[in-house]
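The end of the sequence shown is residue 853 by the UniProt record's numbering, with every number in the run present. One structure is given here, and the rest of the page talks about it.
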Amino acid sequence: MEKNAVEKKEVPGRLLIDLVLSWSIEDVRNENLYKNQVRQIPLKFSSTTEYMTSFTYPLIEETHAGLLSSMSTLHLAPRCEISSFKQTKNFKPPKDFFYRVTLKRESGLLKNGGYEPMVGDIIALTNVRPKYKDLDRPNRPLIVAFVQKVKVNNILTILASKPILAEEQEKEKRETLYAICLINMNTNIRIWRALNSQLEGKNLDIIGKVLQPNSAADKICTSCISENNCSTTYADVRSRISSSDLNDSQKAAVLSCLETRKCNHQNTVKLIWGPPGTGKTKTVGYLLLYLLRMKCRTLTCAPTNTAVLEVTQRLLKNVTDSLEYDTYGLGDILLFGNGERMKIGDRHDLLDVFLDNRVTILYECLLSSTGWKDTLLSMITLLNEPKQQYHLYGEAANECDNPLTFVEFVQKRFKCISKRLTFFMENLYTHLPTSFISLEVVKKMIKALDLLKSLETLLCAVSATDKVLLEKVFRENVGSGLGHLRELSIVRNECLLILRSLSQKFHVPNFENKHAIKKFCLKNSCLIFCTVSSSVKVHEVKTDLELLVIDEAAQLKECESTIPLQLPGLRHAILIGDEHQLPAMVQSKISEEAEIGRSLFQRLVLIGHKKHLLNVQHRMHPSISLFPNRTFYENHILDGHNVKGRSYERRFLQGKMYGSYSFINVAHGKEEFDNSHSLKNMAEAAVASEIVSSLFKESVRTKKKIRVGIISPYKAQVFAIGEMVKKYNADSNDDFSISVRSVDGFQGGEEDVIIISTVRCNKNGIVGFLKNHQRTNVALTRARYCLWILGNEATLTKKNTIWKKLVNDAMERKCFYNFHEDKGLADPVLSLSKSLVSLSLRDESESSSTTNG
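Given below as C-alpha cells:
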C-alpha cells in the first residue's frame, strides 16, 4: 500500500498514463478502439460513484482522439534533439522505464523556436522525422514517453513505454535521437485524478448536490436570513449594491449570491445566466468585490487563461477605484498560472496580484541578505548614531583619495537605505494579506514614507560645511533660530519614533524558501483566480475555501469542473454562463455523442435547475439584437437605454447597405479547400477587404475611431482575409483597428463593426457546422453598432437551417442587399471572379496536357 502511495505521489494519474503508453500504433489508429466501452453520460445520477465513473471512458476516448489527431500531423510537430539519457534509480522493468534525459540545446532547434518539453507532455522518441504511415518500423518500434519532470538545465525525467535500446550502443556510434511533441496530458490527468478521488480535497458535498433535480436547491434557511439582516457588514454591502450602477437583474443576482454565501447549514449551487451583452463580467466583478469586503475566501476560475484574465482585470478595476491606502488590500487577491501563456509581462495592471511576481518580491523583502529587517535596522541606526556610522566608514575609507565628508556620508547613506526601505514598505503592504499586516501598521508605513521623502529633501539642503550643526541635529533637539535644521531635527525624531514602532510591533512571517512563500500566499489570499484545470494546485496546499465561482461555466466539460468542486471546505458554488453560446471543444465524435462536451451548467438547466437571468443587454444596437433575442432567448432580453438612444445610431459608410444590420448577398462566390482542408471563399474575402478599405478611408477622413472585427467559421477564410487587410493594421493610424478571427476566437469579444463571412457556396445547400446554433449565436452578437453578414443566399436558404431563418428575416425587415448594388464592391469582386475563373481554366488545361503527355 505504501509503495502505491509513493508511486501516485511521483506520477499522479499513473493508471491513465500507463494506458496511453500501452497503446500500439494500431490501437492509436483505430478510431473505434473504445466505441463499445463509451456510454451516454446520463442527465441524472443515483450516486456519486455512478457520477464519477460515467465520465471515465469518454475521457479515455477523448485522450485517444487527441493522440490520434497529433499522430496524423507528426511530421509537422515540433522536436528537439536528445544529447544523452540514462536510467534513473526508479528504473524497474517490466513497467517502470524511467530515464533521465538531457536535451541538446546547442543543436539550434531550441534557439530557433523549437520544442521545449513541458511536464505532462507525451513525446515520441525517434531517430528520424517520421510520417504517419511509417511510425512503427520493424527495425525501430515507436517509443512514446511521458514527461514527468523538467529542470531548468534542459534535463527531463521521462517514463517510457519501452526500454530505449539505443542506450546500449557505444556513445560514439549512438544514433541521433529526437523528442517529438504529441500531446499534453495535464488537464486530462487532473480530471482523471478528480474522478478517481485522488485529489487532496476529496470534498464531495457540492457534487452530491448536482446529481438529481432540485438537489442543488438554493433556498437560504430562515435562521441565516435573520442573521444576515442583523449583520452590519451585510447591511453596508446591500446599501452599496443598491446605489451602484448595476441594473435590477444584475443587483438581484449579486444579492442572491451573497445571501447564499451566508448560509452555513447547507450546500448550494447557483446559476447566473448571462446572454451576450448583458454585463456578465461586470456582474461577476461586483460580486467578487463584495465577497472581498466580506472576507469570504473564494476561488474564481474559468476554462481559459483569457477568461481568467478578463474577470481578474474587472475585479481589480473595482478594487483599485475603492482603495483608501495606496495599494493596501491587493495582498488579499491572487492570480496564478503560466505567466508565459498568459503573457503576463504585457499585463502590467495584473502584475501586483500575479503569484510568481509576488513570490519574487516577498523573497526580496523577507529572505534576501539585505531585506526588510536589516534595512529597517540600518535606517534606525543611521538616524540614531550617524557619527558612529561615519567613524566605521572612515576606518574602511582610509586609503581612499577622496573620502566623503560627514555631511556627504549621511546624505549618501540615507538616500541608499531610504530607497530600499521605501521599496520594502510599499511592497509589504501591497503583497502581504491584510490578515498579516494591519491597517494601523500600514498607516505608520505611509507616514514613514512621507517623512523619509521630507528628510531626504532637508538633508540635501544641508551644506557640506555644516558638519557641527548636522551633528547637533542628530544628537539633540534643536531650538529655534536654525531654520531648516530645526525642521530637520523635528522630522528626524518623528521618523525615528515610527520606524522603532514598526520594528517592535510589525512581525513578518518566517519563510525558508520561495516554495514556502508560494504556499503562504495560496493559503492566505481571500480571492484566488486561475483556470479550472490549474485549480488542482489549490488542492495541494490544503486550504479551506468557502465559495467557488466558475465564469464561462457553459464552456467547460462537466468532468473538468469536478477538479475545483472537490476543494476542501467548499460550501457553495456559483456558475456563470450561457448554454446558448459555445460549448467545450471535443475531439472525438464518439465522446461527443456520449455528451462529454456538455457542461454542468447545461445539464442542471436540462433537469430544471433554476437560473438567474441577466435580462438587459447593453452592447448591440436593437436591430442587431432583434434576431438572436427572438431565436435563441425567446425575447426575454431587453435592450438597455444606452443602445436605444439616438447616439447609438452610427453611420460609418454611406448607403442603405451599411446600416446597423444587413445581409449582403455575394452570389458570385466559390467555396474551395486550402492545403489544410479548410474552406475559403475568395469573393467574400474580396468584399470584406473592400469594405475594410472604405472604413479605413472614412476613419482617416473623419478622424473617428473605428474598431472592426471580421468573423468566419473557417480557418482558411480567416487567413485569406487576414492577409488582405493586414496593411490596415500595420498603418500608424491609431484611430483604426482590425481583428480577423474565428467564431471561437471571438467568444467574449466585441467591436464597433462586425463583418461575418459565411463562406459556404454550393448547389446542395450544405452549410457544415454553420448550422450549429451556439456558434451562430456567438457570431451574431459581437457587434455594437453595425453587423454586416456576407453570404450566398441560394446556398444558405436551400435547407431548413438557422441561416434560412436569418436570410428570410433580413428580407422581411428590408435588410437584404446584393453586393453589386454598391459599385465600389462590385467592380473589384467581379474582376477577382474573372481572374479566379481564368486561373481555374488554366490549371485544368495544364493538368489535361500533363495527363495527355
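C-beta: ideal position from N, C-alpha, C; glycine also.
Residue nearest to Val410 within the set Val778, Glu385, Tyr429, Arg420 is Glu385 (criterion: CA-CA distance).
DSSP places Tyr785 in the uninterrupted beta strand (DSSP E) bounded by 783-791. By the criterion of a C-beta distance shorter than 6 angstroms, Ala77 is surrounded in its chain by Ile180, Cys181, once the five residues flanking it on both sides are discounted.
By alpha-carbon distance to Arg603, the top candidate from Pro622, Tyr34, Pro42, Tyr115 is Pro42.
For Asp374, the secondary structure class from DSSP, reduced to helix, strand or coil, is helix. Residue range 14-22 is occupied by the alpha helix (DSSP H) that includes Asp18. Counting other Cβ atoms within 10 Å of its Cβ, Val700 stays below 16 and is therefore classed as exposed. Minimum Cα-Cα distance from Thr795 among the listed residues Cys815, Arg775, Asn764, Asn777 corresponds to Asn764.
Shown here, Val269 sits in a strand according to DSSP, grouped into three states. For Asn792 against Arg760, the beta-carbon gap comes to about 7 angstroms, under 8 angstroms, which counts as contact.
Ala464 carries a coil assignment under DSSP once its states are collapsed to helix, strand and coil.
Look at Tyr290 here: in three-state DSSP terms it is helix. Boundaries of the beta strand (DSSP E) around His572: 572-577. Apart from sequence neighbours up to five positions away, the residues of its chain that approach Ile446 with a beta-carbon distance below 7 angstroms are Tyr325, Asp326, ordered along the chain. The segment 257-267 makes contact with the segment 288-295: 3 or more CB pairs, one atom from each, lie closer than 8 angstroms. Rounded to whole angstroms, the separation of the alpha carbons of Gly279 and Asn357 is 30 angstroms. For the 8 angstroms CB-CB criterion, Leu156 and Val150 form a contact. The beta carbons of His612 and Ile206 sit no closer together than 8 angstroms.
For secondary structure counted as the beta strand (DSSP E) over 3 or more consecutive residues, the segment 504-572 holds these complete runs in sequence order: 527-531, 547-550.
Within its own chain, the residues whose Cβ lies closer than 6 angstroms to the Cβ of His820, once the five positions on either side in sequence are excluded, are Ala826, listed in chain order. Each residue's CA atom was taken as its position, placing Ser54 and Gln40 some 8 angstroms apart. Cα atoms of Val718 and Ser435: separation of roughly 50 angstroms, rounded to the nearest angstrom. If you draw a straight line from the Cα of Ser588 to the Cα of Glu595, it comes to about 11 angstroms. Ranked by Cα distance from Gly748, the first of Val128, Leu806, Ala553 is Ala553. Here Arg190 has Ser533, Val536, Ile563 as same chain residues with Cβ atoms under 7 angstroms from its own Cβ, once five neighbours each way along the sequence are excluded.
Here Thr300 is buried. Its C-beta has 16 or more other C-beta atoms within 10 Å. By the Cβ test, the segment 639-658 is not in contact with the segment 673-690, since fewer than three Cβ pairs between them sit closer than 8 angstroms. The DSSP-derived three-state label of Val237 is helix. Leu367 is a Cβ neighbour of Phe511, given a cutoff of 8 angstroms. Looking at Pro622, Tyr633, Ala667, the one whose alpha-carbon comes closest to that of Ser647 is Pro622. The three-state reading of DSSP puts Cys495 in helix, counting H, G and I together.
Under the 8 angstroms Cβ criterion, the segment 656-666 counts as touching the segment 805-824, having at least three qualifying pairs. In the displayed model, Cys296 falls within coil according to three-state DSSP, outside both helix and strand. Shown here for Leu204: same chain residues with a beta carbon closer than 7 angstroms to its own, the five before and five after excluded, namely Thr48, Gln566 in chain order.
Taking a C-beta distance under 8 angstroms as the contact criterion, Phe146 and Ile122 qualify as a contact pair. For Thr157, the enclosing beta strand (DSSP E) starts and ends at 155-160.
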